[in-house]
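FYI, the numbering for the sequence shown is 1 to 94, going by the numbering used here.
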Amino acid sequence: MTRFLTSAALGLGLLASSAAFAGEKTVTLAVKNMYCAACPHTVKSSLEAVPGVVKATVSYKDKTAVVTYDDTRADVKALTTATTKAGYPSAPKG
């Protein structure tokens, strides 16, 4: 019985630790085709529709989107695909 409880506790610990390694990441995307002040709304909506996106801040002036996302549910490719499908191609700014 003690072995079972020890194994169960170890298993639960491993599951909890894998969740602890997952976290939020932030990326800045350079966004093309934003020509008016209304464009950032569309870009922001497209990013917020991606599962795992926590926050998206879009700047018309800088032509960028700063996106915070859960890296276990989303990745940069999903973010750039979302903006591209909305008509605003993007890529990591770097």
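Note that the Cβ used here is the ideal one computed from N, Cα and C, for glycine as well. Model, not experiment: these values are computed from the prediction.
For residue i, name the three-state secondary structure that DSSP assigns.
i	result
residue 58	strand
residue 82	helix
residue 66	strand
residue 42	helix
residue 53	strand
Near residue i, what residues of its chain come up, given a Cβ to Cβ distance below 8 Å and the 5 sequence neighbours on each side ignored?
i	result
residue 54	24, 68, 69, 70
residue 91	29, 30, 80
residue 111	Only positions 1 to 94 of the chain appear in this structure, which leaves residue 111 out of reach.
Within the continuous beta strand (DSSP E) that includes residue i, where are the two ends?
i	result
residue 25	24 to 31
residue 91	90 to 92
State yes or no: is the C-beta of residue i nearer than 7 Å to some heavy atom of the ligand FMN?
i	result
residue 31	Of the ligands one can find in the structure shown there are none, so the ligand FMN has no counterpart to examine.
Please list, in chain order, all residues of the same chain as residue i whose beta carbon is under 7 Å from its beta carbon, the five residues on each side excluded.
i	result
residue 76	27, 92
Ignore the nearest five residues each way along the sequence and tell me which others in residue i's own chain have a CB closer than 6 Å to its CB.
i	result
residue 57	66
Among the options, which residue has its Cα nearest to the Cα of residue i?
i	options	result
residue 40	51, 48, 59	59
residue 38	63, 52, 49	63
residue 73	44, 51, 36	51
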